[in-house]
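Below is one structure, written out as structure tokens; the observations come after it.
Protein chains: 2
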Amino acid sequence: MDVINRYVTIKSHVDGAPQESDFELKATPLALSLDPGSNEVIVKNLYVSIDPYQINRMKSYSSSQKNSDFAVGIIPGEAIDTYGVGKVVASGNPEFDKGDIVAGLLNWGEYTVIKASGMLNKLNHMGFPLSYHVGILGFSGLTAYAGFFEVCKPKKGDKVFVSAASGSVGNLVGQFAKLFGCYVVGCAGSKEKVALLKEKLGFDDAFNYREETDLKSTLKRYFPNGIDIYFDNVGGEMQEAVIDNMNINGKVAVCGVISEYTDNEKRAAPRMIDVVYKRIKIQGFLAGDYLNNFADFLSTTCDHLRTGKIQPLEDISDGVESAPSAFISLFRGQNIGKKIVKIAEE
Amino acid sequence: MDVINRYVTIKSHVDGAPQESDFELKATPLALSLDPGSNEVIVKNLYVSIDPYQINRMKSYSSSQKNSDFAVGIIPGEAIDTYGVGKVVASGNPEFDKGDIVAGLLNWGEYTVIKASGMLNKLNHMGFPLSYHVGILGFSGLTAYAGFFEVCKPKKGDKVFVSAASGSVGNLVGQFAKLFGCYVVGCAGSKEKVALLKEKLGFDDAFNYREETDLKSTLKRYFPNGIDIYFDNVGGEMQEAVIDNMNINGKVAVCGVISEYTDNEKRAAPRMIDVVYKRIKIQGFLAGDYLNNFADFLSTTCDHLRTGKIQPLEDISDGVESAPSAFISLFRGQNIGKKIVKIAEE
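In the order they appear, the protein sequences are chains G and C.
If you count by the UniProt record's numbering, then the first sequence holds residues 1 to 346, one letter each, in order.
If you count by the UniProt record's numbering, then the second sequence holds residues 1 to 346, one letter each, in order.
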């Protein structure tokens, strides 16, 4: 059977904030059958992850492309690979059968033809919605879990600040930190998000950074006894203000730097004299370095989900054609929680 | 017996680069005898340490004053305490006898009256010149040793860069790193210093940063395969250029930030996107947190000194009246190695 496979590409490299005009929806015929002897697998994509870091892959050059295996450059005109969940519709690979639900490296499209081994795993959904496996039970969840527990190495009672706290990773860091026994404050970019953090996700407090004019004073108000741990998703001025308000032996886990992603000249300039005298550690990390923690993360998070101690926060768009606007919305602060595109019904 | 005790004070807080006019040499009579029952000790100061971080103590406010026990504010008009070596001339404390050589918290003066316990220890000079115990065998040495081995956690073959490499700490970091089996490049501010690093101290290479216009390119030239460890004594643009040239899992030990010490607006603005994708760790530290490593440090360093594997680098001024100019010279890059004031002959 032949289908028309629609998928999203970039027309050329994207070096500023992404716009609808940077993307193109392509459509090509695809035979849903494989030659005898082929080792390929064809997956019908169901849910795919939409992540801010992909902007670094779309640039003509970024540090990401040189220094990480998973964030190499995206070639204009070609499909944009991403983590996702799908269903096998044809398989020449003995490890996979037609009908298997799988997770792995899919793309912003309706179908993925997978040639190489190791890019795909059978998914045990464990009774959870498939979308969870793209977000809270996928890399966003692992990023939050490993970043908080392995990089920040928290102690009970630590005072924790999370930026972009209603984002895919930030909301989970806050929830993990609360369950662990920390005092947690988040910041986000709207009243609605702030209310959600406090009322639904159990943050001790939260504020809308867009309403604040002096971030140092703001943080002093929310942390009169200082910050022990900062989970940094944004970089820039917020990081500077945090360092100013940090306690001795404070830790900054740098997960993302959205302020730099679309403005190459934007920088965080933390006061290094504070870094010295407060013995602060600023540590960048990638979830991919913590795959050994995946089993532990998954088991813990599934338990919390089953007992209702942790809330999934998903923001799902419909249809492959919504991928560009879903992606663009991340840079405009329009998403609430994990941004996912639902490509098709199971 | 009464003597005239001359000691240096600041006239008022010093908030920029220090000048001769900021200091005053005072002279007051001091009785070299103690009341019966007194627990005090009077020390004749012999060698005292002159350190850049003291500028932070002289300011009207600095992070140092709030966040560390040893770098609290200096009160204008009062003696400036510092680490030094001296000889007991009177003692009401049963732990010390007249004639004992001691090390501890003395001051920029000819005599120190020590009231509190715990500020002084008897010194076993182990056959080394007393001045060594103020520098290479004192806190400068411990800073280099703990900063390099405990904070940087080097591996043999790591490519190490040291700024202010002819300074009190930097020259030792380079020597420790070479002995450990690293590739070491240092930067300094004159041809003479660069020659000394390469010819006397065994650095693999060195350059004069004042002759360079583009530090990123300079570092790329000296480290074509990237930097694994940066021992940062200066902050500012150099730190930015290092982050740009750093390898995956690179480590920055922030020991000092001389660029910020006399210019509160000067900042390092490293590219955080590099910090994330290269998983870089930037860690501030203070030697005082590594007192448990002192015995190990001392034994190792003494061995290296005895076998000639490590060279002491001292820059000694004569007389208490030279303390202000000795201190000021640190901010003008005029010292070569550990700056010490010799107050008196033993």
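Ideal Cβ positions, reconstructed from N, Cα and C, are used throughout, including at glycine.
Asked                                                                                                                      : Found
Distance CB(Gly-325 (chain G))-CB(Glu-20 (chain G)) smaller than 8 angstroms                                               : It should be noted that the sequence gives Ser, not Gly, for residue 325 (chain G). Result yes, Cβ atoms of Ser-325 (chain G) and Glu-20 (chain G) sit closer than 8 angstroms.
Burial state of Asn-45 (chain C), where buried means 16 or more other Cβ atoms lie within 10 Å                             : buried
Euclidean distance between Cα positions of Gly-86 (chain C) and Met-126 (chain C)                                          : 15 angstroms
7 angstroms Cβ shell around Phe-180 (chain G) - same chain, five flanking residues per side excluded                       : Pro-154, Lys-156
Asp-296 (chain G) - containing alpha helix (DSSP H), residue span                                                          : 294-306
Residue of G:Asp-2, G:Met-58, G:Arg-6 minimising C-alpha distance to Ser-12 (chain G)                                      : G:Met-58
Closer than 8 angstroms to chain G by CB, Ile-286 (chain C)                                                                : Sequence check: residue 286 (chain C) is Leu here, not Ile. Leu-286 (chain C) counts as touching chain G.
Spatial distance of Asp-97 (chain C) from Asp-303 (chain C) (CA atoms)                                                     : 29 angstroms
Secondary structure of Thr-143 (chain C), DSSP reduced to three states                                                     : helix
Classification of Gly-308 (chain G) by the beta-carbon crowding that lies within 10 angstroms, buried from 16 upward       : exposed
Residue range of the unbroken alpha helix (DSSP H) whose run includes Gln-239 (chain C)                                    : 236-244
Beta-carbon proximity check, Ala-177 (chain C) vs Val-160 (chain C), cutoff 8 angstroms                                    : yes
Spatially closest choice to Val-88 (chain G) from G:Glu-260, G:Gln-334, G:Leu-106, G:Phe-294, by CA coordinates            : G:Leu-106
Cβ neighbours of Phe-223 (chain C) in the same chain (closer than 8 angstroms, five flanking residues each side left out)  : Lys-159, Phe-161, Val-185, Asn-245
Local Cβ density within 10 Å of Asn-121 (chain G), reported as buried at 16 or more and exposed below that                 : exposed
Chain G residues whose Cβ lies nearer than 9 angstroms to that of Ser-60 (chain C)                                         : Near Ser-60 (chain C) there are no residues of chain G at all, since even the closest Cβ is about 14 angstroms away, more than 9 angstroms.
Beta-bridge pairing of Ile-316 (chain C) - partner residues as DSSP gives them                                             : C:Ile-340
Limits of the alpha helix (DSSP H) - the one that Gln-65 (chain G) falls within                                            : 63-67
Chain G residues whose Cβ lies nearer than 7 angstroms to that of Met-126 (chain C)                                        : Per Cβ cutoff of 7 angstroms: no residues; Met-126 (chain C) is ~31 angstroms from chain G at best.
For Val-14 (chain C) and Ala-71 (chain C), the rounded distance between their alpha carbons                                : 15 angstroms
Partner residues on chain G for residue 377 (chain C), Cβ-Cβ distance less than 8 angstroms                                : No information on residue 377 (chain C) is available, as it lies outside the stretch 1 to 346 that chain C covers here.
Meets three-Cβ-pair contact criterion under 8 angstroms: the stretch 273-288 of chain C and the stretch 254-272 of chain G : yes
CB of Ser-75 (chain G) within 8 angstroms of CB of Gln-54 (chain G), strictly                                              : Note on residue identity: the sequence assigns Ile, not Ser, to residue 75 (chain G). Cβ distance not < 8 angstroms, so Ile-75 (chain G) and Gln-54 (chain G) don't count as in contact.
Partner residues on chain C for Gln-283 (chain G), Cβ-Cβ distance less than 9 angstroms                                    : Val-275, Arg-279, Ile-280, Lys-281, Ile-282, Gln-283
Neighbour flag for Ser-325 (chain G) against chain C, beta carbons, 8 angstroms                                            : no
Bridge-paired residues (DSSP) for Lys-159 (chain C)                                                                        : C:Tyr-183
Beta carbon of Met-272 (chain G) nearer than 8 angstroms to that of Gly-235 (chain C)                                      : yes
8 angstroms Cβ cutoff, Asp-69 (chain C) in contact with chain G                                                            : no
Min CB distance Arg-306 (chain C) to chain G below 8 angstroms                                                             : no
The stretch 128-147 of chain G in contact with the stretch 184-198 of chain G per 3-pair CB rule at 8 angstroms            : no
Assigned secondary structure, Phe-70 (chain G) (DSSP; H/G/I helix, E/B strand, else coil)                                  : coil
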